[in-house]
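Accompanying notes for the structure given below.
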Amino acid sequence: MISRRSFTALSLAAAATAGAGLPGAPALAAASRTEERLVTTYTVKKGDTLHDIAKAKGLGFLELRAANPDVEPWMPEPGSEIVLPTIHIAPVGMDKGILISLGAMRLFHFRGNGQVESYPIGIGAEGLETPRGTTTVVGKRKDPTWTPTENIRKRKPYLPASIGPGPQNPLGNRAMYLGWPAYLIHGTNIPDGVGRRVSSGCIRMYPWDVETIFEKVDVGTKVRSLDQRFSVAFDNGRLWLEVHPSIDAWNKLENREELPPSALSQDVINAIVEAAPERVTVDWDAVERVVREQRGYPIAVGIGEVTTASAQ
Numbered sequence: 001m002i003s004r005r006s007f008t009a010l011s012l013a014a015a016a017t018a019g020a021g022l023p024g025a026p027a028l029a030a031a032s033r034t035e036e037r038l039v040t041t042y043t044v045k046k047g048d049t050l051h052d053i054a055k056a057k058g059l060g061f062l063e064l065r066a067a068n069p070d071v072e073p074w075m076p077e078p079g080s081e082i083v084l085p086t087i088h089i090a091p092v093g094m095d096k097g098i099l100i101s102l103g104a105m106r107l108f109h110f111r112g113n114g115q116v117e118s119y120p121i122g123i124g125a126e127g128l129e130t131p132r133g134t135t136t137v138v139g140k141r142k143d144p145t146w147t148p149t150e151n152i153r154k155r156k157p158y159l160p161a162s163i164g165p166g167p168q169n170p171l172g173n174r175a176m177y178l179g180w181p182a183y184l185i186h187g188t189n190i191p192d193g194v195g196r197r198v199s200s201g202c203i204r205m206y207p208w209d210v211e212t213i214f215e216k217v218d219v220g221t222k223v224r225s226l227d228q229r230f231s232v233a234f235d236n237g238r239l240w241l242e243v244h245p246s247i248d249a250w251n252k253l254e255n256r257e258e259l260p261p262s263a264l265s266q267d268v269i270n271a272i273v274e275a276a277p278e279r280v281t282v283d284w285d286a287v288e289r290v291v292r293e294q295r296g297y298p299i300a301v302g303i304g305e306v307t308t309a310s311a312q
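Shown next, in the form of structure tokens:
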């Protein structure tokens with residue numbers, strides 16, 4: 001039996017602001033390649049699958065696959081050690097509200113005063129993408145009734161007119177309705193769909209996670225949805241970079257195919273330059289490796305002095 005734990009997001013992103021218009025990477029000397037990782041680990045037990053471990057450890061299935069690309073998902077080797085990406089850099093740009101990171105397949109709940117919590121989510125399948133943009137929570141309901149939308153009924157005409165509360169209800173035991181008609185943040189009756197691209201565009205959460213956040217979120221709460229694959233932050237003398245797979249790469253992971261190439265972009269360079277304080281040495285070789293491997297957890301790509309300002 002794997003014990004389940006909840007994790008909060010590492011609020012490193014308070015020190016990171018994405019830049020724009022910078023011509024390129026500065027001529028910084030390469031640092032010693034520490035490439036420290038902000039992760040925890042788990043020793044596989046007989047009978048474990050990555051689905052089991054993901055649910056027990058508060059992770060999505062595909063983010064666990066991305067962190068352990070060489071591990072057999074259905075029969076991991078008993079006694080082997082796998083990486084748990086349980087710490088994340090919280091995206092910047094929000095002090096209070098909900099941020100849906102489609103790139104990370106995570107929901108970040110910013111509670112104000114620097115408090116932020118992170119939860120794995122399931123998002124829209126290919127062709128049924130979860131919307132991008134800004135909206136609000138317009139309603140909340142315990143034990144909701146699910147009424148298939150017109151588009152869902154076109155794809156599945158055999159569905160009943162509605163499904164009431166209970167184990168067959170795709171909305172699970174909690175639903176938060178958004179200003180986008182037909183799109184919700186809700187639980188699920190199929191937890192294995194969390195951390196995957198399998199919904200009709202709604203944001204799915206584990207039943208225990210949606211119960212937790214349901215009590216903390218008020219009607220009127222701002223919700224922002226974006227597709228950002230990377231985050232950068234400086235903390236405790238280290239410059240951290242977190243890169244997630246692209247949407248195409250998530251699909252490859254789902255199908256157990258080789259990940260497509262991921263190259264260093266100007267956006268990543270700009271973000272690193274803006275996030276790095278003075279006297280930070282950036283290891284650009286490490287940056288390229290983190291971008292290429294797209295493991296989905298923070299890795300140190302620079303070393304600098306810990307000042308009073310950066311430590312706060």
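Here UniProt numbering is used: the first residue of the sequence shown is 1, the next is one more, and so on. The C-beta atom is built at its ideal place from N, Cα and C for all residues, glycine as well.
Nearest-angstrom Cα separation, counted from residue j out to residue i
i, j, result
"residue 322", "leucine 38", "With the chain running from 1 to 312 in the structure shown, residue 322 is simply not present."
"leucine 22", "asparagine 270", "Low confidence applies to leucine 22: its pLDDT is 26, below 50, so where it sits in the model is not reliable, and the reading given next is rough at best. Distance between the alpha carbons of leucine 22 and asparagine 270 is about 6 Å."
"lysine 96", "asparagine 68", "32 Å"
"isoleucine 152", "arginine 196", "19 Å"
"aspartate 52", "isoleucine 82", "13 Å"
"arginine 111", "isoleucine 98", "9 Å"
"aspartate 70", "glutamate 77", "11 Å"
"glycine 193", "isoleucine 299", "27 Å"
"tyrosine 177", "asparagine 169", "16 Å"
"arginine 256", "serine 246", "15 Å"
"threonine 43", "glutamate 63", "17 Å"
"glutamine 228", "histidine 244", "9 Å"
"glycine 179", "leucine 171", "17 Å"
"tyrosine 158", "valine 273", "54 Å"
Residues near residue i by beta carbon distance below 6 Å, same chain, minus five either side
i, result
"serine 262", "Val291, Arg292, Gln294"
"threonine 49", "Trp74"
"leucine 128", "Ser200, Gly201"
"leucine 259", "Ala249, Lys252"
Opposing strand residues paired with residue i [DSSP bridges]
i, result
"glutamate 242", "Ser231"
"threonine 41", "Val83"
"lysine 222", "Thr136"
"threonine 281", "Ile303"
"threonine 175", "For the record, residue 175 in the displayed sequence is alanine; it is not threonine. DSSP, once it has assigned bridges, lists Arg141, His186 as partnering alanine 175."
"valine 198", "Note: valine 198 sits in no beta bridge, so no partner."
CB-CB length for residue i against residue j, believed under 8 Å
i, j, result
"threonine 188", "arginine 204", "5 Å"
"leucine 241", "valine 301", "5 Å"
"valine 198", "glycine 122", "6 Å"
"phenylalanine 234", "valine 280", "7 Å"
"proline 91", "serine 101", "6 Å"
Cβ neighbours of residue i in the same chain (closer than 8 Å, five flanking residues each side left out)
i, result
"glutamate 36", "Arg238, Ile299, Ala300"
"proline 191", "Lys55, Tyr206, Pro207"
Nonlocal neighbours in the same chain, by C-beta distance under 7 Å from residue i, ignoring five residues either side
i, result
"tyrosine 119", "Arg106, Leu107, Met205, Asp209, Ile213"
Three-pair Cβ contact test at 8 Å for the stretch 201-221 versus the stretch 122-140: Contact annotation: the stretch 201-221 touches the stretch 122-140, with at least three C-beta pairs closer than 8 Å.
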